[in-house]
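Below is one structure, written out as structure tokens; comments come after it.
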Amino acid sequence: MTQSTAWDRETFTHLTDFREVEEVFRRGRDFVIGGSKAGSDEFVHGTLVATDGREHLARRRSLMKMISADQPWGAEGTLLDEVFARNLRRVVDITEAHDNNTHFDLIDLGRRVIWRVTAAFVGLDDIDDPAQVERFQELVEPVLEGLTLEYQPQERHAEIIESARRSRATIREEMFDPSLRRRQDLIRAARQDDGNTDDLPADLITSMLSQGGDEPDIEIIFREMVALLAAAVNNPVSQMAWALDDLTAWLDTHPEDRAKLGEKEFLGRAVKETMRLHRSSRPHVVRIAVKDTELETTGRKIAQGTWLSLWLQAANRDTAVFGEDADRYNPYRVPSDPKVQPFGVGLGGGPHVCLGRPLLLWDQGDEDAQGLLVKLLRFLLANGVRPDRDGVQREGGPEGGRRHSRYDVVMPLTAADSPCP
Ligand code: HEM
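Residue numbering for the sequence shown follows the numbering used here, starting at 7 and increasing by one per position.
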């Protein structure tokens with residue numbers, strides 16, 4: 007099958023009906039991702055977000071250990087707890103208090119926390135102090151734009167590609183290569199020792215190196231790492247701000263739920279409902295039909311080669327599945343179809359479903375084993391953090407992909423004196 011090499015938005019078929027979007031995700035053999043990243047191909051070629059079929063499945067399998075709950079960054083680990091406490095302490099130390107309250111920008115705090123944790127699970131070392139995290143952000147941001155080139159205005163493409171190439175080369179030299187060398191040494195030592203590499207860290211670089219045979223393809227490891235950074239660093243930060251925004255407004259009218267704020271089950275409902283309601287990055291994702299076909303759910307006919315644009319937030323607000331008040335927040339919402347997740351297609355679906363799901367949401371295990379989204383919300387609430395109504399909450403982005411660039415919050419200093427989760 008021949009695939010287009012550039013996006014022609016005029017020819018897209020736009021899907022907003024939940025059942026259709028879910029079906030296209032699910033039928034990953036008939037609706038593929040390959041070929042839809044033409045503009046950013048030089049950055050993503052051969053990675054999870056640009057492959058299908060066996061190659062794609064094998065890569066996902068190679069990263070299973072990285073996303074398991076018992077990793078330091080997983081639901082049973084404590085890395086997030088430590089990084090959050092450290093960063094909240096920093097906020098208290100550097101911010102001038104007023105009336106026994108600390109006022110700060112939640113987006114800045116969230117970015118420092120999430121970027122640090124993400125660096126750990128991709129396998130980048132030495133990203134610990136605030137200056138290193140800032141350097142990491144400064145270098146990665148331009149690369150992220152390059153990875154989503156198709157979504158950027160055509161007139162900026164040349165500039166974005168140029169800047170992405172430059173930053174990418176620096177990340178490789180300054181951050182990736184030293185981390186890679188350390189892991190190559192570790193693997194070599196483990197193999198010489200007793201041949202057992204099971205106890206090595208399960209970050210992306212180590213996982214792909216140790217499973218890559220005698221001559222692992224370093225360029226593909228680097229590319230996958232950068233693609234994973236793109237997938238992982240921004241969404242959790244925006245979701246955290248939306249979660250606090252949604253839940254604090256809900257509590258104003260449902261004060262009885264305050265008693266449940268420490269409960270994993272209630273907080274799980276809350277963050278899933280936020281995820282359903284707010285998509286905070288690219289508002290649509292793209293698939294290409296590999297053959298003439300018909301959608302089972304609605305009978306819509308789709309010709310081979312059709313580009314489908316799946317609008318996630320619109321699908322997640324489909325009243326047929328989520329009720330007449332689907333555009334409002336209600337943590338007790340139950341979709342009309344029991345097979346539908348409370349967060350709808352917020353994490354995609356089918357073979358390309360979000361790889362980070364077990365890190366983000368973790369319903370299994372005991373009360374302390376919590377996904378990152380639940381933990382973040384719990385830490386904020388436990389420290390008394392609430393929106394600063396006299397501050398700035400600045401929202402931007404396209405409809406269906408809106409997020410805060412700044413979200414001012416206020417925290418009582420009595421809690422901040424010991425900012426522990
Ligand atoms: C709240 C935060 C997040 C949201 C809302 C989110 C959402 C999504 C969605 C909708 C997709 C499907 C895209 C498509 O089908 O084209 C996806 C894919 C992906 N996500 Fe996430 N994501 C989040 C966080 C993360 C994190 C923390 C990771 C880190 C492991 C991650 C890794 C990935 C990867 C690697 C893919 C591509 C999977 C594949 O193509 O096989 N995401 N995510």
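Every residue gets a Cβ at the ideal spot worked out from N, C-alpha and C, and that includes glycine. Keep in mind it's a predicted model, so treat the numbers as computed, not measured.
Which ranges would you report for the alpha helix (DSSP H) in the stretch 15-66 if only whole runs of at least 4 residues count? 24-32 and 47-50
Taking the straight line between their C-alpha atoms, what separation do you get for L366 and A125? Here residue 366 is taken as the residue at index 360 of the sequence shown, counted from 1. Here residue 125 is taken as the residue at index 119 of the sequence shown, counted from 1. The straight-line gap from Cα to Cα measures roughly 16 Å.
Can R174 and V119 be called in contact, C-beta distance under 8 Å? If you number the sequence shown from 1, residue 174 lands on position 168. If you number the sequence shown from 1, residue 119 lands on position 113. Against a cut-off of 8 Å, the Cβ pair of V119 and R174 comes out as no contact.
According to DSSP, is V416 part of a helix, a strand, or is it coil? Taking the sequence shown and counting its residues from 1, the one referred to as residue 416 is at position 410. Strand, per DSSP.
Report all residues from its chain with a CB closer than 8 Å to the CB of I224; omit the five preceding and five following residues, and keep chain order. As a first step, residue 224 must be located in the sequence shown, where it is residue number 218. Closer than 8 Å at the Cβ level, and outside the excluded window around I224, lie L186.
Near R412, which residues of its chain fall below 6 Å by C-beta distance, leaving aside the five closest residues on each side in sequence? Numbered from 1 along the sequence shown, position 406 holds the residue referred to as residue 412. D111, I113, V398 and R400.
Does the distance between the C-beta of L250 and the nearest non-hydrogen atom of ligand 1 fall short of 7 Å? Start at 1 with the first residue of the sequence shown, and residue 250 comes out as number 244. No, ligand 1 has no heavy atom inside 7 Å of this Cβ.
Regarding N241 and ligand 1, is the C-beta to nearest heavy atom distance less than 7 Å? Within the sequence shown, numbered from 1, the residue matching residue 241 stands at position 235. N241 Cβ: within cutoff of ligand 1.
Enumerate in chain order the residues of its own chain whose CB-to-CB distance from T303 is below 7 Å, with the five nearest sequence positions on each side excluded. The residue you call residue 303 lines up with position 297 of the sequence shown. If we look at T303 and ignore the five residues flanking it on each side, its Cβ neighbours are R25, E26 and E29.
Cβ of P418 within 8 Å of Cβ of L250? Locating residue 418 in the sequence shown gives position 412, where the first residue counts as 1. Locating residue 250 in the sequence shown gives position 244, where the first residue counts as 1. No; because the gap between Cβ atoms is not below 8 Å, this pair is not in contact.
Using 8 Å as the cut-off, can you tell me whether the stretch 174-184 makes contact with the stretch 259-266, which would need three or more C-beta pairs spanning the two stretches below that distance? no
Count the other C-beta atoms from every protein chain shown that fall within 10 angstroms of the C-beta of H410, then say buried if there are 16 or more, exposed otherwise. The residue labelled residue 410 in the question sits at position 404 within the sequence shown. By the 10 Å Cβ count, H410 comes out buried.
Minimum C-alpha distance to I73 - residue among A276, Q347, P207 and L267: Residue mapping note: residue 73 aligns to position 67 of the sequence shown, counting from 1. For the residues A276, Q347, P207 and L267, the minimum Cα distance to I73 belongs to P207.
Which word fits P242, buried or exposed, when buried means at least 16 other C-beta atoms lie within 10 angstroms of its C-beta? Residue numbering aside, residue 242 sits at position 236 when the sequence shown is read from its first letter. Under this definition P242 is a buried residue.
Could you tell me the boundaries of the alpha helix (DSSP H) in which H163 lies? Taking the first residue of the sequence shown as 1, we reach residue 163 at position 157. Start and end: H163 to I177.
Check whether V89 and V296 have beta carbons under 8 Å apart: Your numbering for residue 89 matches position 83 in the sequence shown. Your numbering for residue 296 matches position 290 in the sequence shown. No.
For H290, the nearest candidate out of G354, D298 and R306 (CA to CA): As a first step, residue 290 must be located in the sequence shown, where it is residue number 284. Nearest of G354, D298 and R306 to H290, Cα basis: G354.
What's the call for I227, buried or exposed, on a 16-neighbour Cβ count within 10 Å? Start at 1 with the first residue of the sequence shown, and residue 227 comes out as number 221. Under this definition I227 is a buried residue.
Does the stretch 330-341 touch the stretch 75-89, meaning 3 or more C-beta pairs lie closer than 8 Å? no
Report yes or no: do the stretch 201-215 and the stretch 128-138 share at least 3 C-beta pairs separated by less than 8 Å? yes
Which class does F349 belong to by DSSP, given the choice of helix, strand or coil? By 1-based counting over the sequence shown, the position of residue 349 is 343. Here F349 sits in coil by DSSP.
State the DSSP-derived secondary structure class of G397, mapped to helix, strand or coil. Counted from its first residue, the sequence shown places residue 397 at position 391. In this structure, G397 counts as coil in the three-state DSSP scheme.
Any non-hydrogen atom of ligand 1 within 7 Å of I193 CB: As a position in the sequence shown, residue 193 is number 187, starting the count at 1. Outside the cutoff, so no.
Tell me which residues share the same chain as T19 and place their Cβ nearer than 6 Å to its Cβ, disregarding the 5 neighbours each side in the sequence. Stepping through the sequence shown from its first residue, residue 19 is reached at position 13. If we look at T19 and ignore the five residues flanking it on each side, its Cβ neighbours are T312 and L314.
In the DSSP assignment, the alpha helix (DSSP H) including S3 goes from what residue to what residue? No answer is possible for residue 3: the residues shown for the chain start at 7 and end at 427.
Under three-state DSSP, which class holds R508? As shown, the chain starts at 7 and ends at 427. That puts residue 508 outside it, with no answer to give.
Within 8 Å, strictly: CB atoms of G406 and A320: Here the question's residue 406 lines up with position 400 in the sequence shown. Here the question's residue 320 lines up with position 314 in the sequence shown. For G406 and A320, yes; Cβs fall inside 8 Å.
Per DSSP, which one or two residues make a beta bridge with H358? Here the question's residue 358 lines up with position 352 in the sequence shown. Bridge partners of H358: none, in fact.
Residue(s) in a DSSP beta bridge with D111: Your numbering for residue 111 matches position 105 in the sequence shown. Bridge partners of D111: D414.
Give the secondary structure of V292 by DSSP, where H, G and I count as helix, E and B as strand, and everything else as coil. The sequence position of residue 292 within the sequence shown is 286, counting from 1. Three-state result, V292: strand.
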